[in-house]
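Notes for the one structure printed next.
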Amino acid sequence: MEGLAQLVPGFAKLGGGLSIGLGALGTGIGMGVLVGKALEGMARQPESAGLLRTTMFIGVAFVEALALYALVITFLLIF
C-alpha cells in the first residue's frame, strides 16, 4: 500500500502530460480541418465569404476553448 501511494504523483503528472498533449493534438487537427474547409468554401463561392469567415471564427473559438479545458485539466492533475 505504501508503494502505491508513492506512484500516485507520478501517474498524475503522466496523466497531465497526456491531457495537454492529446488536447493540443486534437485542437491542431480540428483547427486545420476547419480553416481548410472554410477556405475551400470561400474559393468555390466567393460571394459567401463573409458568412463563412464569421462562422469559421466562431468555430475556431470553440476549438480553442477545448484546448483551454485540456490545459485546466492538466493543471488540476499536476498541482
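Note that the working numbering has the sequence shown beginning at 56, numbered continuously upward. C-beta atoms are modelled at their ideal positions from N, C-alpha and C, and glycine is treated no differently. Quick caveat, the model's predicted, so the values are computed rather than measured.
Check, Outcome
"Backbone secondary structure at Gln61 - three-state DSSP", "helix"
"Start-to-end residues for the alpha helix (DSSP H) that takes in Glu102", "Here Glu102 belongs to no alpha helix (DSSP H), and DSSP marks it neither H nor E."
"Meets three-Cβ-pair contact criterion under 8 Å: the region 70-79 and the region 119-126", "yes"
"Whether Ala67 touches Leu126 by CB criterion (8 Å)", "no"
"Length of the line joining the Cα atoms of Ala104 and Ala93", "9 Å"
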